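Worksheet: one structure, shown below.
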Amino acid sequence: SPNSLPHSTPFSIKSTNTHKNQKTFLNLSAPLPLLNKSIPKSYKLTFGFHFEFPHLLIFHNPPFFFNFKKMASIFQGVGTATTLSSSASFDSNKFHPSSRRSLSERKVSFLVVRSDAAKMNPGLNKIGGRADQLVTNAVATKPDTSAASTAASKSGHELLLFEALREGLEEEMERDSRVCIIGEDVGHYGGSYKVSKGLAPKYGDLRVLDTPIAENAFTGMGIGAAMMGLRPIIEGMNMGFLLLAFNQISNNCGMLHYTSGGQFKIPVVIRGPGGVGRQLGAEHSQRLESYFQSIPGIQMVACSTPYNAKGLMKAAIRSDNPVILFEHVLLYNLKETIPDEEYVLNLEEAEMVRPGEHVTILTYSRMRYHVMQAAKTLVNKGYDPEVIDIRSLKPFDLHMIGNSVKKTHRVLIVEECMRTGGIGASLTAAINENFQDFLDAPIVCLSSQDVPTPYAGTLEEWTVVQPPQIVAAVEQLCR
91 SPNSLPHSTP
101 FSIKSTNTHK
111 NQKTFLNLSA
121 PLPLLNKSIP
131 KSYKLTFGFH
141 FEFPHLLIFH
151 NPPFFFNFKK
161 MASIFQGVGT
171 ATTLSSSASF
181 DSNKFHPSSR
191 RSLSERKVSF
201 LVVRSDAAKM
211 NPGLNKIGGR
221 ADQLVTNAVA
231 TKPDTSAAST
241 AASKSGHELL
251 LFEALREGLE
261 EEMERDSRVC
271 IIGEDVGHYG
281 GSYKVSKGLA
291 PKYGDLRVLD
301 TPIAENAFTG
311 MGIGAAMMGL
321 RPIIEGMNMG
331 FLLLAFNQIS
341 NNCGMLHYTS
351 GGQFKIPVVI
361 RGPGGVGRQL
371 GAEHSQRLES
381 YFQSIPGIQM
391 VACSTPYNAK
401 GLMKAAIRSD
411 NPVILFEHVL
421 LYNLKETIPD
431 EEYVLNLEEA
441 EMVRPGEHVT
451 ILTYSRMRYH
461 VMQAAKTLVN
471 KGYDPEVIDI
481 RSLKPFDLHM
491 IGNSVKKTHR
501 VLIVEECMRT
511 GGIGASLTAA
521 INENFQDFLD
531 APIVCLSSQD
541 VPTPYAGTLE
551 EWTVVQPPQI
561 VAAVEQLCR
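Per my numbering, the very first residue in the sequence shown carries number 91; after that it's consecutive.
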């Protein structure tokens with residue numbers, strides 16, 4: 091907000107695209123003598139400037155340098171900044187992709203800030219470099235036609251989400267004798283949420299193996315089984331308990347293929363319930379996506395419907411990579427018609443939930459339903475949001491996401507994960523890195539509060555994003 095910037099003097103800018111002698115000038119008007127003249131090709135400035143919208147430079151060829159005498163920041167969007175010192179400079183040509191929209195299509199406003207205003211807002215999160223993309227393997231994935239969703243119009247049968255997970259498990263165990271299940275009470279008890287109910291009597295105690303309450307031990311057992319050629323599914327009774335196996339998941343599950351020089355594959359699926367909403371307290375309501383996303387070599391997916399729960403389960407079991415499947419405890423009793431025909435989803439493909447034109451809303455898991463509830467209100471108010479369930483938390487489907495950003499030019503991310511270091515932060519970095527040129531406004535991310543989850547139901551719901559917040563954020567973005 092301009093009101094939060096002390097020692098500032100507003101001024102206006104007008105672009106004069108004169109290509110005579112291969113030069114481009116910017117005419118800056120302000121009550122400062124320095125700014126009443128055209129800026130030459132190279133100039134030292136002792137002030138910073140703030141972009142209202144998150145595109146970085148508007149200069150054309152040839153290369154154009156600004157050298158800052160003292161620290162100044164170019165704010166690209168919420169939570170990201172490029173910090174320049176007296177020895178730093180940047181080249182406008184470097185940040186001038188061929189896909190840039192014309193200058194006439196952009197809206198820009200500037201604030202001149204004195205160099206001593208570097209402490210103007212200690213709450214801003216300043217990062218060296220241009221919006222570093224935190225997810226290094228977030229590649230643009232083209233849709234895999236061989237793994238396309240089965241048409242909903244085909245005949246099917248109704249299943250709850252946990253039953254769809256079970257059906258996916260059973261089909262893969264029937265198809266491949268190497269598939270096995272390991273975990274606490276997964277055998278004749280059927281698992282804490284009955285996902286594996288009935289599988290032990292059918293396939294035996296060796297393929298549906300009950301273990302002691304020792305997450306580190308049975309996770310290591312599953313990784314070792316995968317190294318020897320099996321395809322184990324490791325169930326955590328609660329995702330929070332998998333923190334006890336973090337060493338196994340990080341140092342062994344994610345890295346063994348690399349550290350062994352490719353001698354071992356780790357085709358293991360790690361799955362279990364988590365999330366907020368059942369008054370289970372802080373330790374049993376954790377969202378561990380942010381914990382696991384930084385582990386190299388691991389894929390992460392989150393199911394949100396019975397249909398994609400089954401399809402993602404089957405795809406994860408067939409993958410040669412270790413996959414973590416996140417299931418939200420409040421979604422287990424969702425009912426949906428599942429096709430009778432076999433189908434397998436693409437692990438790296440997002441789902442277009444609702445096409446729209448005005449703003450792209452990216453979400454996953456339980457927040458999909460909060461977003462769709464908010465979408466009804468937004469439509470009544472004249473907005474047309476596009477809703478995408480990203481499903482693949484690592485890597486991101488930047489193919490679908492990018493096409494949506496190019497269409498709507500505005501992005502809202504809604505997640506149940508914690509704000510600090512969450513999936514939304516990584517997704518924001520990935521979009522800024524790849525599609526910043528198409529954004530007409532800074533990316534907005536709505537996340538859970540950075541607090542332990544309370545027991546009380548009213549307080550518990552207060553910590554996560556609610557539909558009215560989503561409506562307000564879209565209204566602000568689309569102004």
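Note that beta-carbon positions come from the ideal geometry of N, C-alpha and C, so glycine has one too.
All values reported here derive from a predicted model rather than from experimental measurement.
- The Cβ atoms of E274 and P291 lie no closer than 9 Å to each other.
- Residue pairing for M442: DSSP places it in a beta bridge opposite I478.
- The continuous beta strand (DSSP E) containing E505 extends over residues V501 to M508.
- Below 8 Å, too few C-beta pairs join the region 306-315 and the region 279-290 to call them touching: fewer than three.
- Looking only at H418, L452, N341 and S537, the smallest Cα-Cα distance to G511 is reached by S537.
- Within its own chain, the residues whose Cβ lies closer than 7 Å to the Cβ of M345, once the five positions on either side in sequence are excluded, are P386 and G387, listed in chain order.
- In the three-state reduction of the DSSP assignment, P302 falls in the coil class.
- Beta-bridge partners assigned by DSSP to K484: M390.
- Counting along the chain, H418 sits inside the beta strand (DSSP E) bounded by residues V413 to H418.
- The beta-bridge partner set that DSSP reports for R408 is empty.
- E262 places its beta carbon less than 9 Å from that of I407.
- In this structure, the CA atom of G401 is about 28 Å from the CA atom of K466.
- A distance below 8 Å between beta-carbons, with the five flanking residues on each side excluded, links Y454 to the following residues of its chain, in chain order: A392, S394, D479, I480, R481, L483, E505 and I513.
- By the Cβ test, the region 409-428 is not in contact with the region 441-450, since fewer than three Cβ pairs between them sit closer than 8 Å.
- Beta-bridge partners of C270 (DSSP): P322.
- A Cβ-Cβ separation of about 39 Å leaves P357 out of contact with A464 under the 8 Å criterion.
- Every alpha helix (DSSP H) stretch that sits fully inside the region 322-381 and reaches 4 residues is listed by chain position as 346-349.
- Contact between F354 and M317 holds, with the beta-carbon distance rounding to 5 Å and staying under 8 Å.
- Exclusion of the five residues before and after V461 leaves I451, T453, V477, V504 and I560 as the residues of its chain whose Cβ lies within less than 7 Å of its Cβ.
- Of all alpha-carbon atoms in F416, G367, G351 and H347, the one lying nearest the alpha-carbon of Y381 is that of F416.
- CA-CA distance, N341 to G472, rounds to 50 Å.
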